[in-house]
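Chains A and B, in that order, are what the protein sequence lines are. Each residue of the first sequence is one higher than the one before, starting from 1 at the first, in the numbering used here. Each residue of the second sequence is one higher than the one before, starting from 1 at the first, in the numbering used here. This report refers to the structure that appears directly beneath it.
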Amino acid sequence: MAITLKVNGRAHTVDVDPATPLLYVLSDDLALRGPKFGCGLGQCGACTVIARGRAIRSCVTPVSTVEGAEITTLEGLGTSENPHPLQRAFIDEQAAQCGFCLSGVVLTAKAFLDQNPKASDSEIRQAMSGVLCRCFVHTRMMRAIAKYRDGGAR
Amino acid sequence: MSTYSRDARAALRAAGFSRRDFLKTSGILIVGFSAGGVTLRTQGRQGAPSQRPAAGTLDSWIAIGADGRVTAYTGKCELGQGMQTAQTQLIAEELSVPVSRVRVVQCDTALCPDQGTTSGSQSHPTNFNERNLAQAGATAREALIHLASTRLGVAAAELTVADGVVSVTRDRSKNVSYGDLVGGRKFDVPLNPRAERKPTNAWKVLGTSVPRVDMPAMATGTLEYVHNVHVPGMLHGAVVRPPEVGATLVNVDQQSVASLPGVVKVIVKSNFVGVVAEKPWQAIQAASKLKATWTPGAGLPDHDRFYEHLKSQPSRDSFVVNSGDVDQKLQAAATTIKATYFHPYQMHGSMGSSCAVADVKDGRATIWSSSQAVFGVKSAAADLLGLKPEDVHVIFTRGSGCYGINGADTVSYDAALMSQAVGRPVRVQLSRKDEMAWENYGFAYVIEERAGLDAAGNIVAWDHESWSPSLGGRPGYNQPGNVVTGMLAGYPAASVSPSAPSSGPSRPNAFNNGANAAPSYVTGRVGSAAGGTGTVASERVLTHTIRSPFFTGPLRSPSRLQNTFAHESFIDEIAARVKVDSVAYRLRHIHDARLKEVVSAAAKAANWQTRPSPRPNISKTGIASGRGVSCCLYEGDNGYCALVAEVDVDQATGRIIVKRFVSSQDCGPISTPDGMKNQIEGGALQGLSRALGEEVTWDEKKVTSVDWRTYHSLTMGAEVPAIESVLINRSGVEATGAGETTITLVGSAVANAIFDATGARIRQVPLTPERVKAALAAR
Numbered sequence: 001m002a003i004t005l006k007v008n009g010r011a012h013t014v015d016v017d018p019a020t021p022l023l024y025v026l027s028d029d030l031a032l033r034g035p036k037f038g039c040g041l042g043q044c045g046a047c048t049v050i051a052r053g054r055a056i057r058s059c060v061t062p063v064s065t066v067e068g069a070e071i072t073t074l075e076g077l078g079t080s081e082n083p084h085p086l087q088r089a090f091i092d093e094q095a096a097q098c099g100f101c102l103s104g105v106v107l108t109a110k111a112f113l114d115q116n117p118k119a120s121d122s123e124i125r126q127a128m129s130g131v132l133c134r135c136f137v138h139t140r141m142m143r144a145i146a147k148y149r150d151g152g153a154r
Numbered sequence: 001m002s003t004y005s006r007d008a009r010a011a012l013r014a015a016g017f018s019r020r021d022f023l024k025t026s027g028i029l030i031v032g033f034s035a036g037g038v039t040l041r042t043q044g045r046q047g048a049p050s051q052r053p054a055a056g057t058l059d060s061w062i063a064i065g066a067d068g069r070v071t072a073y074t075g076k077c078e079l080g081q082g083m084q085t086a087q088t089q090l091i092a093e094e095l096s097v098p099v100s101r102v103r104v105v106q107c108d109t110a111l112c113p114d115q116g117t118t119s120g121s122q123s124h125p126t127n128f129n130e131r132n133l134a135q136a137g138a139t140a141r142e143a144l145i146h147l148a149s150t151r152l153g154v155a156a157a158e159l160t161v162a163d164g165v166v167s168v169t170r171d172r173s174k175n176v177s178y179g180d181l182v183g184g185r186k187f188d189v190p191l192n193p194r195a196e197r198k199p200t201n202a203w204k205v206l207g208t209s210v211p212r213v214d215m216p217a218m219a220t221g222t223l224e225y226v227h228n229v230h231v232p233g234m235l236h237g238a239v240v241r242p243p244e245v246g247a248t249l250v251n252v253d254q255q256s257v258a259s260l261p262g263v264v265k266v267i268v269k270s271n272f273v274g275v276v277a278e279k280p281w282q283a284i285q286a287a288s289k290l291k292a293t294w295t296p297g298a299g300l301p302d303h304d305r306f307y308e309h310l311k312s313q314p315s316r317d318s319f320v321v322n323s324g325d326v327d328q329k330l331q332a333a334a335t336t337i338k339a340t341y342f343h344p345y346q347m348h349g350s351m352g353s354s355c356a357v358a359d360v361k362d363g364r365a366t367i368w369s370s371s372q373a374v375f376g377v378k379s380a381a382a383d384l385l386g387l388k389p390e391d392v393h394v395i396f397t398r399g400s401g402c403y404g405i406n407g408a409d410t411v412s413y414d415a416a417l418m419s420q421a422v423g424r425p426v427r428v429q430l431s432r433k434d435e436m437a438w439e440n441y442g443f444a445y446v447i448e449e450r451a452g453l454d455a456a457g458n459i460v461a462w463d464h465e466s467w468s469p470s471l472g473g474r475p476g477y478n479q480p481g482n483v484v485t486g487m488l489a490g491y492p493a494a495s496v497s498p499s500a501p502s503s504g505p506s507r508p509n510a511f512n513n514g515a516n517a518a519p520s521y522v523t524g525r526v527g528s529a530a531g532g533t534g535t536v537a538s539e540r541v542l543t544h545t546i547r548s549p550f551f552t553g554p555l556r557s558p559s560r561l562q563n564t565f566a567h568e569s570f571i572d573e574i575a576a577r578v579k580v581d582s583v584a585y586r587l588r589h590i591h592d593a594r595l596k597e598v599v600s601a602a603a604k605a606a607n608w609q610t611r612p613s614p615r616p617n618i619s620k621t622g623i624a625s626g627r628g629v630s631c632c633l634y635e636g637d638n639g640y641c642a643l644v645a646e647v648d649v650d651q652a653t654g655r656i657i658v659k660r661f662v663s664s665q666d667c668g669p670i671s672t673p674d675g676m677k678n679q680i681e682g683g684a685l686q687g688l689s690r691a692l693g694e695e696v697t698w699d700e701k702k703v704t705s706v707d708w709r710t711y712h713s714l715t716m717g718a719e720v721p722a723i724e725s726v727l728i729n730r731s732g733v734e735a736t737g738a739g740e741t742t743i744t745l746v747g748s749a750v751a752n753a754i755f756d757a758t759g760a761r762i763r764q765v766p767l768t769p770e771r772v773k774a775a776l777a778a779r
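Right, here's the structure in full:
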């Protein structure tokens with residue numbers, strides 16, 4: 001079945017089973033590198049994308065349910081040369097080790113702060129409670145997120 | 001930019017050039033083809049694996065392009081620990097070029113030297129001292145100066161090197177660039193073991209916090225991981241593992257998936273079962289619907305009585321040290337103290353389930369793998385595929401952090417077997433359960449400690465005995481059965497042959513602390529030499545290894561962490577018994593000056609108050625606060641570290657909140673201070689996750705911790721402590737590892753802090769609220 005997706009500002013039409021989780025379409029059909037397979041169960045966040053302004057787990061989201069929605073992946077936020085301020089904060093704070101979790105960490109924080117720009121550290125932590133980083137770069141990541149919230153990364 | 005070198009290599013392969021050709025003409029090629037990377041690569045990946053220059057030659061490590069760009073080839077890879085950046089710094093430093101002009105090609109079996117596995121905190125000891133990559137850098141610098149001396153007609157001593165240009169010191173207008181000297185051609189010189197490295201006091205790039213070269217690409221989602229490798233015509237495979245441990249295949253009903261969309265083939269090899277389909281989701285669906293019949297599993301020992309089980313099994317025994325007088329000294333001691341500690345199997349639990357891509361056809365194989373041991377995969381996969389190792393090419397491609405051996409090796413075999421069966425490239429992505437139910441777990445342990453004290457409260461004898469299960473491990477070059485796919489395909493796993501110990505140390509020639517089985521407080525005497533860090537001369541360290549029902553393998557600080565949890569808890573128990581401050585009591589039994597220094601440095605930075613534990617006037621209700629310390633010399637020669645933990649214990653719920661960690665570390669000359677801090681911080685929190693919640697569980701037949709609901713990792717929502725790092729930068733000594741030091745100390749430092757706060761001692765990891773409450777109730 002032909003499905004049209006709007007990803008990072010571009011429209012793509014793919015012919016897939018509508019039940020296919022969005023992640024496979026993004027990473028296989030569209031060859032995007034940002035969203036990653038972590039667990040396939042919606043438990044870790046590695047596959048996170050922003051759709052309709054919310055951070056969603058693409059590994060458990062049937063592609064048909066986001067047809068027409070604006071979808072943003074980690075690479076849609078900014079580029080190496082011109083990173084989004086939140087990505088800039090992660091670069092400035094050297095807030096990663098293997099980097100595999102960053103879609104979950106960065107995009108969950110981004111979507112939350114878009115809705116709650118003045119959230120406290122503990123509210124941010126609450127919002128991040130379903131996100132994993134197994135290298136445990138927590139302190140640097142929280143510092144980067146707080147820096148972005150405070151307008152320190154531009 | 002971080003994919004530049006991969007694309008450049010790809011372009012070379014695409015164009016049919018070997019590394020040897022590259023070395024003749026590299027400058028042109030590497031520039032000319034880099035921009036077209038992806039397309040060119042995918043067309044040419046089946047090019048013959050090229051010959052590497054002979055080991056021991058400079059050309060096997062370093063090539064300089066006509067444009068002056070430096071490419072270094074290394075057998076130690078980036079696992080998220082920052083090794084790509086540190087190695088880039090090393091080459092930039094030795095060759096006096098900016099970091100931006102250096103490319104490090106990591107672990108491509110056709111291009112790079114075989115430096116074994118990237119593991120064991122050995123990358124710094126291997127490549128940053130006087131050998132290997134460091135030696136190559138120094139040799140290159142020397143060779144370039146020699147060439148410049150000839151070219152400019154000026155003695156080497158009168159030349160200055162800066163920014164990739166060799167100049168006459170007195171007249172900088174007389175100069176020649178690296179590109180002009182050797183660009184695109186071979187050096188054709190052997191590595192010079194006497195080539196002088198830049199002294200640490202002249203360092204400009206090493207020793208500074210160069211930002212991770214891969215950070216912008218990671219943060220913006222553009223870094224290529226093995227999960228992102230796409231090869232034209234690529235199919236997708238999914239594995240079907242046995243439902244129970246020890247189950248063997250009876251029958252596969254191929255028809256059960258024949259009508260599903262996209263299914264290409266069901267592959268069976270002994271007990272290995274996989275399904276290949278056109279699309280990833282189709283492969284996953286087909287694997288879940290495939291009807292396979294298995295024998296019942298072998299049955300598993302009762303999880304709740306596993307530690308008793310361990311002690312009752314036949315074992316392979318060995319002494320790390322045995323002074324021969326321990327029983328006598330214990331008998332004569334004024335006081336003896338005994339305690340038993342327990343540590344569960346834990347997982348690597350990589351964030352990403354492992355993935356690999358293989359293309360096997362016409363008697364050749366190319367495998368994109370995030371294995372820490374690409375040369376091992378090359379050889380072991382050749383065995384599995386019935387190919388010659390020289391016809392297998394393994395290309396290291398970044399993976400999810402692995403912390404030991406995750407599923408990267410096994411999934412490389414999965415992809416290779418499936419690709420061979422269908423004659424097309426196959427990408428295999430393990431499911432979360434495939435990853436967690438079958439990975440090579442970190443070792444469970446039972447550890448008994450006994451000490452004898454004299455009338456003054458000094459330790460006069462230390463007796464350590466441990467029981468630990470083992471099965472499989474890293475496959476090395478020839479044991480694919482050490483991981484699940486190889487075992488299913490019919491290869492044996494390294495197992496344990498029970499044997500009694502000889503009376504003396506198993507390594508009779510020199511002290512080796514046996515994965516920190518020997519505590520920091522013994523002399524470590526083997527023959528006439530004492531190699532340990534401590535003062536206790538009466539010492540016995542006996543280990544029992546038992547056959548494990550599950551695969552095991554090195555998990556960050558393997559055995560070192562478990563042994564140190566016991567030693568560093570036990571020394572605290574002794575200090576408390578004799579009512580001496582924990583830091584002071586440690587220092588009293590350590591003679592090694594560097595170990596003393598890290599302990600003192602951590603205590604000072606933590607503003608440690610000298611007094612015995614537990615703290616005075618403990619209230620048995622409410623929140624109790626305390627502090628604990630732990631220290632070790634990792635592996636006996638690979639990094640000094642100490643850690644102070646400050647904790648709050650909620651005595652009603654048993655919940656532990658760690659408020660502060662203060663870590664100190666002496667790993668010799670520091671390459672990248674911020675990279676080292678990142679490792680300390682990550683190690684501290686990974687250690688905390690392991691100490692507080694992580695445990696592999698199972699029922700009568702199978703592993704039951706198979707996802708993030710059943711295996712308990714700290715999430716980003718956890719309240720985590722502030723982490724302060726004291727870095728002791730020491731020149732004039734060898735560089736040692738820094739990635740496994742801090743994590744080794746966390747469990748014991750936290751358990752000691754709980755004791756300090758409450759007077760309750762917990763001897764079993766994880767330190768769950770239930771165990772805390774039980775220990776509090778037993779006060």
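The beta carbon of each residue, even a glycine, is placed where N, CA and C say it ideally should be.
The three-state secondary structure of HIS343 (chain B), taken from DSSP, is strand. Non-local beta-carbon contacts of ILE743 (chain B) in its own chain, meaning distances under 8 Å to residues more than five positions away in sequence, involve ARG556, SER557, LEU561, GLY683, ALA684, GLN686, GLY687, ARG690 in chain order. Nothing from the segment 382 to 395 of chain B brings a Cβ to less than 7 Å from some Cβ of chain A. According to the DSSP secondary-structure assignment, GLY628 (chain B) is paired through a beta bridge with B:ALA645. Remark: C-beta atoms of VAL320 (chain B) and GLY531 (chain B) do not approach each other more closely than 8 Å.
Residue pairing for THR366 (chain B): DSSP places it in a beta bridge opposite B:ASP359, B:HIS393. Contact check for GLY376 (chain B) against GLY476 (chain B) passes: the beta carbons are separated by less than 8 Å.
Given a length threshold of 3 residues, each whole run of the beta strand (DSSP E) inside the segment 449 to 481 of chain B is given here in chain order: 459 to 470.
Judged by pairs of C-beta atoms under 8 Å, the segment 624 to 639 of chain B touches the segment 510 to 526 of chain B, as three or more such pairs exist. Annotated three-state conformation of VAL213 (chain B) is coil, per DSSP.
A distance of 8 Å or more separates the beta carbons of ALA416 (chain B) and ALA373 (chain B). Against ASN228 (chain B), the close residues of chain A are SER27, ALA31, LEU32, ARG33, LYS36, in the order they occur along the chain (beta-carbon pairs closer than 9 Å).
In the structure shown, VAL104 (chain B) adopts extended strand secondary structure according to DSSP, grouped into three states. With the criterion set as a beta carbon lying under 8 Å from some beta carbon of chain A, the segment 537 to 568 of chain B has no members that meet it. Taking the beta carbon of THR20 (chain A) as reference, the chain B residues within 8 Å of it are LYS279, TRP281, listed in sequence order. Against MET676 (chain B), chain A offers no close residue; the least beta-carbon distance is about 12 Å (beta-carbon pairs closer than 8 Å). Per DSSP, VAL733 (chain B) lies in no alpha helix (DSSP H) segment and is marked neither H nor E.
Interface criterion not met: the Cβ of SER663 (chain B) is under 8 Å from no Cβ in chain A. Note that the C-beta distance between MET351 (chain B) and LEU132 (chain A) is below 8 Å. Scanning chain A for C-beta atoms nearer than 8 Å to the C-beta of TRP708 (chain B) yields CYS39, LEU41, GLN43, CYS44, LEU132, reported in chain order. Shown here, THR48 (chain A) sits in a strand according to DSSP, grouped into three states. If you draw a 10 Å sphere on the C-beta of ASP756 (chain B), you find 16 or more other C-beta atoms in it, and that means buried. With respect to the C-alpha of ASP171 (chain B), the residue from B:GLU158, B:THR535, B:HIS591 having the closest C-alpha is B:GLU158. When only Cα atoms are considered, GLY473 (chain B) and GLU439 (chain B) end up about 10 Å apart. The count of Cβ pairs closer than 8 Å, one atom from the segment 658 to 669 of chain B and one from the segment 724 to 731 of chain B, reaches three, so the stretches are in contact. Against chain A, the CB of PRO211 (chain B) has a partner CB under 8 Å away; the residue lies at that interface.
Taken in chain order, the members of the segment 214 to 228 of chain B whose beta-carbon sits within less than 8 Å of a beta-carbon on chain A are ASP214, MET215, PRO216, ALA217, MET218, ALA219, THR220, GLY221, THR222, LEU223, GLU224, TYR225, HIS227, ASN228. Exposed is the label assigned to ALA778 (chain B), since fewer than 16 other Cβ atoms lie within 10 Å of its Cβ. The Cβ of GLN115 (chain A) sits no closer than 8 Å to any Cβ of chain B. Distance from the CA atom of VAL649 (chain B) to the CA atom of LYS773 (chain B), rounded to whole angstroms, is 10 Å.
Annotation for LEU385 (chain B): VAL360, ALA365, VAL392, ALA416, LEU417, GLN420 place their beta carbon closer than 8 Å to its own, counting only its chain and skipping 5 residues before and after.
With respect to chain A, the C-beta atom of VAL720 (chain B) has a partner C-beta closer than 8 Å. By the rule that beta-carbons nearer than 8 Å mark a contact, GLY682 (chain B) touches chain A. Interface flag for ILE50 (chain A) against chain B is unset, since no Cβ pair is found closer than 8 Å.
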